[in-house]
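Encoded as C-alpha coordinates, the structure appears first; notes follow it.
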Amino acid sequence: MQTTPRVSIIVRTKNRPLFLKRALLDISAQIFSDVEILLVNDGGDPHEVDRIVELSPWKKRTTVIHNESSLGMENASNLAISRAQGEFICIHDDDDTWHARFLHACVEHLDEHPKDAAVGVRTEIIWERLEKDQIITEGREIAWPEIRAITFNALLRQNQAVPISCLYRASIIEQLGGFRADLPVVGDWDFHLRLARYHNFAFIDGMPLAFWHQRKGQTGVAGNSVIAMSGAHAYYDALVRREYLGDELSDNQVGQLLVQGAEFQFLRSELAMQMHLVRELSAQVTSLHTKLDEQSAHFNEQNNWLLHKADNASLYAVLRRLAKKLLRKGS
(Lines of atoms letter the chains of each structure in order from A; the text may use other names.)
(Lines give C-alpha, C1' and ligand atoms only; values in the text may rest on other atoms or scores of the structure.)
Protein backbone atom coordinates (compact mmCIF):
# COMPACT_ATOMS: atom_id res chain seq x y z
CA MET A 9 0.00 0.00 0.00
CA GLN A 10 1.51 3.31 -1.12
CA THR A 11 1.42 6.08 1.50
CA THR A 12 1.36 9.82 0.89
CA PRO A 13 4.78 11.43 1.48
CA ARG A 14 4.97 13.88 4.35
CA VAL A 15 7.23 16.35 2.54
CA SER A 16 7.10 17.57 -1.05
CA ILE A 17 10.44 18.97 -2.21
CA ILE A 18 10.20 21.34 -5.18
CA VAL A 19 13.31 21.77 -7.32
CA ARG A 20 13.40 24.45 -10.02
CA THR A 21 16.03 24.20 -12.73
CA LYS A 22 16.91 25.36 -16.23
CA ASN A 23 20.03 24.31 -18.15
CA ARG A 24 22.24 23.97 -15.06
CA PRO A 25 23.25 20.29 -15.08
CA LEU A 26 26.22 20.72 -12.75
CA PHE A 27 24.06 22.34 -10.08
CA LEU A 28 21.18 19.90 -10.60
CA LYS A 29 23.45 16.88 -10.03
CA ARG A 30 24.65 18.40 -6.76
CA ALA A 31 21.11 19.30 -5.67
CA LEU A 32 19.70 15.80 -6.21
CA LEU A 33 22.64 14.20 -4.40
CA ASP A 34 22.20 16.71 -1.59
CA ILE A 35 18.50 15.88 -1.20
CA SER A 36 19.19 12.15 -1.14
CA ALA A 37 21.60 12.70 1.79
CA GLN A 38 18.75 13.79 4.10
CA ILE A 39 18.24 11.52 7.11
CA PHE A 40 14.49 12.22 6.83
CA SER A 41 13.34 10.26 3.79
CA ASP A 42 9.51 10.38 3.75
CA VAL A 43 9.54 12.69 0.74
CA GLU A 44 8.64 13.19 -2.89
CA ILE A 45 10.65 15.34 -5.29
CA LEU A 46 8.85 17.50 -7.84
CA LEU A 47 11.47 18.64 -10.33
CA VAL A 48 10.36 21.47 -12.62
CA ASN A 49 12.54 21.82 -15.72
CA ASP A 50 11.51 25.36 -16.64
CA GLY A 51 12.28 25.44 -20.36
CA GLY A 52 15.65 23.68 -20.27
CA ASP A 53 16.96 20.67 -22.19
CA PRO A 54 14.63 17.78 -21.20
CA HIS A 55 17.04 15.02 -22.24
CA GLU A 56 19.80 16.37 -20.01
CA VAL A 57 17.44 16.60 -17.03
CA ASP A 58 16.09 13.07 -17.58
CA ARG A 59 19.65 11.73 -17.79
CA ILE A 60 20.62 13.36 -14.49
CA VAL A 61 17.47 12.14 -12.73
CA GLU A 62 18.14 8.60 -13.94
CA LEU A 63 21.45 8.71 -12.02
CA SER A 64 19.87 10.13 -8.85
CA PRO A 65 19.74 7.86 -5.75
CA TRP A 66 16.11 8.91 -5.20
CA LYS A 67 14.96 8.73 -8.83
CA LYS A 68 11.91 6.62 -7.89
CA ARG A 69 10.71 9.40 -5.60
CA THR A 70 11.15 12.02 -8.33
CA THR A 71 8.48 13.37 -10.67
CA VAL A 72 9.80 15.51 -13.53
CA ILE A 73 7.70 18.31 -15.02
CA HIS A 74 9.05 19.63 -18.33
CA ASN A 75 7.93 23.11 -19.39
CA GLU A 76 8.44 23.67 -23.13
CA SER A 77 9.26 27.31 -22.42
CA SER A 78 10.18 29.10 -19.22
CA LEU A 79 7.26 30.16 -17.02
CA GLY A 80 9.42 31.91 -14.42
CA MET A 81 10.40 30.98 -10.87
CA GLU A 82 7.09 31.50 -9.09
CA ASN A 83 4.97 29.96 -11.85
CA ALA A 84 7.27 26.94 -11.70
CA SER A 85 6.77 26.76 -7.94
CA ASN A 86 2.98 27.05 -8.20
CA LEU A 87 2.85 24.37 -10.89
CA ALA A 88 4.70 21.93 -8.63
CA ILE A 89 2.63 22.96 -5.59
CA SER A 90 -0.55 22.08 -7.49
CA ARG A 91 0.74 18.51 -7.83
CA ALA A 92 2.30 18.19 -4.38
CA GLN A 93 0.92 15.52 -2.05
CA GLY A 94 2.94 16.31 1.07
CA GLU A 95 1.72 17.79 4.33
CA PHE A 96 4.76 20.06 4.17
CA ILE A 97 6.37 21.80 1.19
CA CYS A 98 9.86 23.19 0.68
CA ILE A 99 11.69 24.71 -2.26
CA HIS A 100 15.21 23.47 -2.94
CA ASP A 101 16.65 25.57 -5.78
CA ASP A 102 19.09 23.66 -7.94
CA ASP A 103 22.14 25.66 -6.79
CA ASP A 104 21.56 25.48 -3.01
CA THR A 105 22.17 22.75 -0.43
CA TRP A 106 21.07 21.53 3.01
CA HIS A 107 22.64 20.03 6.09
CA ALA A 108 21.66 16.35 6.28
CA ARG A 109 19.41 17.08 9.29
CA PHE A 110 17.47 19.98 7.73
CA LEU A 111 14.23 18.13 7.00
CA HIS A 112 14.39 16.11 10.21
CA ALA A 113 14.74 19.25 12.33
CA CYS A 114 12.04 21.22 10.48
CA VAL A 115 9.45 18.42 10.40
CA GLU A 116 10.08 17.67 14.06
CA HIS A 117 9.53 21.34 14.93
CA LEU A 118 6.27 21.67 13.00
CA ASP A 119 5.00 18.40 14.48
CA GLU A 120 5.71 19.71 17.98
CA HIS A 121 4.30 23.20 17.26
CA PRO A 122 1.05 22.75 15.32
CA LYS A 123 0.26 26.49 15.45
CA ASP A 124 3.41 27.40 13.51
CA ALA A 125 2.69 27.91 9.81
CA ALA A 126 6.31 27.61 8.70
CA VAL A 127 9.80 27.29 10.07
CA GLY A 128 13.12 28.73 8.94
CA VAL A 129 16.65 27.78 9.99
CA ARG A 130 19.98 29.47 10.51
CA THR A 131 21.50 29.92 7.05
CA GLU A 132 25.07 30.11 5.80
CA ILE A 133 26.11 31.84 2.58
CA ILE A 134 28.64 29.86 0.56
CA TRP A 135 30.61 31.94 -1.93
CA GLU A 136 31.71 29.90 -4.91
CA ARG A 137 32.81 30.10 -8.53
CA LEU A 138 32.56 27.86 -11.54
CA GLU A 139 35.77 26.62 -13.11
CA LYS A 140 35.07 24.47 -16.16
CA ASP A 141 33.17 21.48 -14.74
CA GLN A 142 34.02 22.20 -11.13
CA ILE A 143 32.37 24.25 -8.38
CA ILE A 144 35.07 25.90 -6.25
CA THR A 145 34.20 27.16 -2.75
CA GLU A 146 35.78 30.55 -2.00
CA GLY A 147 34.36 31.44 1.41
CA ARG A 148 31.54 31.19 3.92
CA GLU A 149 29.62 33.58 6.15
CA ILE A 150 26.44 33.47 8.23
CA ALA A 151 23.46 35.17 6.59
CA TRP A 152 21.74 37.66 8.92
CA PRO A 153 23.80 36.66 12.00
CA GLU A 154 21.85 39.12 14.15
CA ILE A 155 18.44 37.43 13.89
CA ARG A 156 17.04 35.20 16.62
CA ALA A 157 13.51 35.02 15.20
CA ILE A 158 11.64 35.67 11.94
CA THR A 159 9.06 38.39 12.55
CA PHE A 160 6.74 40.47 10.40
CA ASN A 161 8.43 43.69 11.57
CA ALA A 162 11.87 42.41 10.57
CA LEU A 163 10.57 41.19 7.20
CA LEU A 164 9.28 44.69 6.48
CA ARG A 165 12.92 45.81 6.37
CA GLN A 166 14.27 42.90 4.32
CA ASN A 167 13.73 39.24 3.59
CA GLN A 168 15.47 37.18 6.27
CA ALA A 169 14.67 33.72 4.98
CA VAL A 170 15.38 32.36 1.50
CA PRO A 171 13.55 29.35 0.01
CA ILE A 172 16.32 26.86 0.87
CA SER A 173 15.93 27.86 4.55
CA CYS A 174 12.23 27.13 4.99
CA LEU A 175 9.62 24.41 5.39
CA TYR A 176 5.96 25.43 4.97
CA ARG A 177 2.67 23.76 5.79
CA ALA A 178 0.97 22.96 2.48
CA SER A 179 -2.37 24.12 3.90
CA ILE A 180 -0.94 27.60 4.57
CA ILE A 181 0.45 27.90 1.04
CA GLU A 182 -2.99 27.04 -0.32
CA GLN A 183 -4.66 29.50 2.05
CA LEU A 184 -2.35 32.31 0.95
CA GLY A 185 -2.82 31.54 -2.75
CA GLY A 186 0.73 30.39 -3.43
CA PHE A 187 3.45 32.60 -4.84
CA ARG A 188 2.80 35.68 -6.97
CA ALA A 189 3.43 34.71 -10.58
CA ASP A 190 3.78 38.38 -11.65
CA LEU A 191 6.98 38.78 -9.62
CA PRO A 192 10.04 37.49 -11.50
CA VAL A 193 12.10 38.08 -8.32
CA VAL A 194 11.38 38.80 -4.60
CA GLY A 195 8.41 36.40 -4.79
CA ASP A 196 9.64 34.56 -1.71
CA TRP A 197 9.87 37.83 0.25
CA ASP A 198 6.32 38.81 -0.74
CA PHE A 199 5.09 35.35 0.31
CA HIS A 200 6.92 35.58 3.64
CA LEU A 201 5.34 38.98 4.30
CA ARG A 202 1.86 37.57 3.73
CA LEU A 203 2.62 34.51 5.83
CA ALA A 204 4.15 36.36 8.80
CA ARG A 205 1.39 38.99 8.73
CA TYR A 206 -1.25 36.44 9.70
CA HIS A 207 0.67 33.40 11.03
CA ASN A 208 3.62 32.42 13.18
CA PHE A 209 6.87 31.96 11.24
CA ALA A 210 9.15 29.96 13.55
CA PHE A 211 12.94 29.93 13.58
CA ILE A 212 15.42 27.20 14.55
CA ASP A 213 18.57 28.86 15.86
CA GLY A 214 21.94 27.19 16.25
CA MET A 215 24.25 25.69 13.65
CA PRO A 216 23.40 26.42 9.98
CA LEU A 217 21.11 23.82 8.43
CA ALA A 218 20.70 25.56 5.05
CA PHE A 219 23.36 26.74 2.63
CA TRP A 220 22.62 29.59 0.23
CA HIS A 221 25.16 29.45 -2.60
CA GLN A 222 26.16 32.68 -4.35
CA ARG A 223 28.60 33.50 -7.12
CA LYS A 224 30.03 37.02 -7.37
CA GLY A 225 30.33 38.35 -10.90
CA GLN A 226 28.64 35.29 -12.40
CA THR A 227 25.97 36.18 -14.95
CA GLY A 228 23.78 34.23 -17.34
CA VAL A 229 22.58 30.71 -16.61
CA ALA A 230 25.07 30.17 -13.77
CA GLY A 231 24.24 33.43 -11.99
CA ASN A 232 22.49 33.74 -8.64
CA SER A 233 19.41 35.96 -9.04
CA VAL A 234 20.22 38.17 -6.03
CA ILE A 235 23.51 39.18 -7.71
CA ALA A 236 22.90 38.64 -11.43
CA MET A 237 19.48 40.36 -11.26
CA SER A 238 20.22 42.95 -8.57
CA GLY A 239 18.54 45.71 -10.60
CA ALA A 240 15.33 43.69 -10.89
CA HIS A 241 15.45 42.96 -7.16
CA ALA A 242 15.63 46.68 -6.36
CA TYR A 243 12.76 47.49 -8.76
CA TYR A 244 10.36 44.80 -7.55
CA ASP A 245 11.27 45.41 -3.91
CA ALA A 246 10.11 49.02 -4.37
CA LEU A 247 7.02 47.84 -6.29
CA VAL A 248 5.90 45.50 -3.50
CA ARG A 249 6.40 48.23 -0.89
CA ARG A 250 4.37 50.71 -2.95
CA GLU A 251 1.53 48.22 -3.39
CA TYR A 252 1.31 47.69 0.36
CA LEU A 253 0.93 51.45 0.86
CA GLY A 254 -2.27 51.35 -1.21
CA ASP A 255 -4.03 54.23 -2.98
CA GLU A 256 -5.98 55.71 -0.09
CA LEU A 257 -3.26 57.51 1.83
CA SER A 258 -4.32 60.85 3.32
CA ASP A 259 -2.13 63.96 3.05
CA ASN A 260 -1.30 63.53 6.73
CA GLN A 261 -0.14 59.93 6.19
CA VAL A 262 1.96 60.95 3.19
CA GLY A 263 3.44 63.75 5.31
CA GLN A 264 4.38 61.27 8.04
CA LEU A 265 6.05 59.04 5.46
CA LEU A 266 7.99 62.02 4.10
CA VAL A 267 9.17 62.93 7.61
CA GLN A 268 10.21 59.32 8.23
CA GLY A 269 12.04 59.29 4.90
CA ALA A 270 13.91 62.48 5.79
CA GLU A 271 14.76 61.07 9.22
CA PHE A 272 16.05 57.88 7.61
CA GLN A 273 18.25 59.86 5.22
CA PHE A 274 19.61 61.88 8.16
CA LEU A 275 20.39 58.72 10.15
CA ARG A 276 22.02 57.14 7.12
CA SER A 277 24.17 60.25 6.64
CA GLU A 278 25.13 60.21 10.33
CA LEU A 279 26.00 56.52 10.10
CA ALA A 280 28.15 57.14 7.02
CA MET A 281 29.98 59.91 8.90
CA GLN A 282 30.58 57.68 11.92
CA MET A 283 31.80 54.86 9.68
CA HIS A 284 34.21 57.31 8.03
CA LEU A 285 35.56 58.27 11.48
CA VAL A 286 35.88 54.61 12.42
CA ARG A 287 37.87 53.94 9.25
CA GLU A 288 40.15 56.91 9.99
CA LEU A 289 40.73 55.72 13.57
CA SER A 290 41.35 52.21 12.31
CA ALA A 291 43.98 53.56 9.89
CA GLN A 292 45.65 55.49 12.74
CA VAL A 293 45.68 52.42 14.99
CA THR A 294 47.18 50.37 12.14
CA SER A 295 49.86 53.04 11.66
CA LEU A 296 50.68 53.01 15.40
CA HIS A 297 50.90 49.23 15.37
CA THR A 298 53.33 49.43 12.46
CA LYS A 299 55.52 51.96 14.31
CA LEU A 300 55.45 49.87 17.49
CA ASP A 301 56.42 46.80 15.49
CA GLU A 302 59.33 48.73 13.95
CA GLN A 303 60.47 50.00 17.37
CA SER A 304 60.12 46.53 18.85
CA ALA A 305 62.23 45.08 16.03
CA HIS A 306 64.88 47.79 16.60
CA PHE A 307 64.87 47.10 20.36
CA ASN A 308 65.27 43.37 19.76
CA GLU A 309 68.15 44.05 17.40
CA GLN A 310 69.90 46.28 19.99
CA ASN A 311 69.22 43.77 22.75
CA ASN A 312 70.69 40.93 20.69
CA TRP A 313 73.77 43.07 19.95
CA LEU A 314 74.29 43.81 23.66
CA LEU A 315 73.86 40.17 24.58
CA HIS A 316 76.40 39.25 21.91
CA LYS A 317 78.85 41.84 23.30
CA ALA A 318 78.27 40.56 26.83
CA ASP A 319 78.90 37.00 25.72
CA ASN A 320 82.13 38.07 23.97
CA ALA A 321 83.26 40.02 27.03
CA SER A 322 82.63 37.02 29.28
CA LEU A 323 84.55 34.75 26.94
CA TYR A 324 87.45 37.23 26.83
CA ALA A 325 87.58 37.35 30.64
CA VAL A 326 87.64 33.54 30.88
CA LEU A 327 90.47 33.34 28.34
CA ARG A 328 92.47 35.97 30.24
CA ARG A 329 92.14 34.05 33.51
CA LEU A 330 93.13 30.81 31.77
CA ALA A 331 96.16 32.48 30.19
CA LYS A 332 97.32 33.82 33.57
CA LYS A 333 97.08 30.34 35.11
CA LEU A 334 99.12 28.87 32.29
CA LEU A 335 101.76 31.57 32.67
CA ARG A 336 102.03 30.96 36.41
CA LYS A 337 102.47 27.22 35.87
CA GLY A 338 105.12 27.86 33.23
CA SER A 339 107.10 30.11 35.53
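So for the sequence shown, our numbering puts the first residue at 9; every next one is plus one.
Ideal placement from N, C-alpha and C gives every residue a C-beta, glycine not left out.
What three-state label does DSSP hand residue i in the structure shown?
i	result
residue 294	helix
residue 262	helix
residue 100	coil
residue 328	helix
residue 93	coil
residue 187	coil
residue 40	coil
residue 32	helix
residue 239	helix
residue 115	helix
residue 270	helix
residue 217	coil
residue 168	coil
residue 109	coil
residue 19	strand
residue 177	strand
residue 193	coil
residue 13	coil
residue 255	coil
residue 301	helix
residue 250	helix
residue 25	helix
residue 315	helix
Please identify the residue among the options whose C-alpha is closest to the C-alpha of residue i.
i	options	result
residue 85	281, 140, 127 and 21	21
residue 116	14, 248, 254 and 296	14
residue 173	100, 203, 241 and 124	100
residue 57	258, 28, 136 and 238	28
residue 41	292, 113, 270 and 160	113
residue 160	126, 144 and 186	126
residue 186	273, 50, 92 and 333	92
residue 165	139, 255, 201 and 279	201
residue 144	223, 121 and 124	223
residue 103	325, 30 and 282	30
residue 4	79, 71 and 44	Nothing can be reported for residue 4: it is not among the residues displayed for the chain, which extend from 9 to 339.
Quick one: residues in its chain with C-beta nearer than 7 Å to the C-beta of residue i, no 5 flanking neighbours on either side, listed in chain order?
i	result
residue 97	16, 18, 89, 176, 178 and 181
residue 83	189
residue 36	64, 65 and 66
residue 168	152, 155, 158 and 162
residue 310	none
residue 191	82, 198 and 244
residue 146	135, 136 and 137
residue 171	99, 101 and 196
residue 52	21, 22 and 23
residue 54	74
residue 214	130
residue 207	125 and 180
Apart from the five residues on each side of it in sequence, which residues of its chain come closer than 8 Å, Cβ to Cβ, to residue i?
i	result
residue 216	107, 129, 130, 131, 132 and 150
residue 141	26
residue 275	none
Would you say residue i and residue j are within 8 Å of each other, going by their C-beta atoms?
i	j	result
residue 105	residue 199	no
residue 252	residue 193	no
residue 73	residue 46	yes
residue 211	residue 203	no
residue 111	residue 38	yes
residue 11	residue 44	no
Using the DSSP secondary-structure output, state which residues sit across from residue i in a beta bridge.
i	result
residue 156	Per DSSP, none; premise fails for residue 156.
residue 124	208
residue 135	147 and 222
residue 72	47
residue 142	139
residue 129	212
So, at 6 Å on beta carbons, what are the nonlocal neighbours of residue i in its own chain, with the 5 sequence-adjacent residues on each side left out?
i	result
residue 62	none
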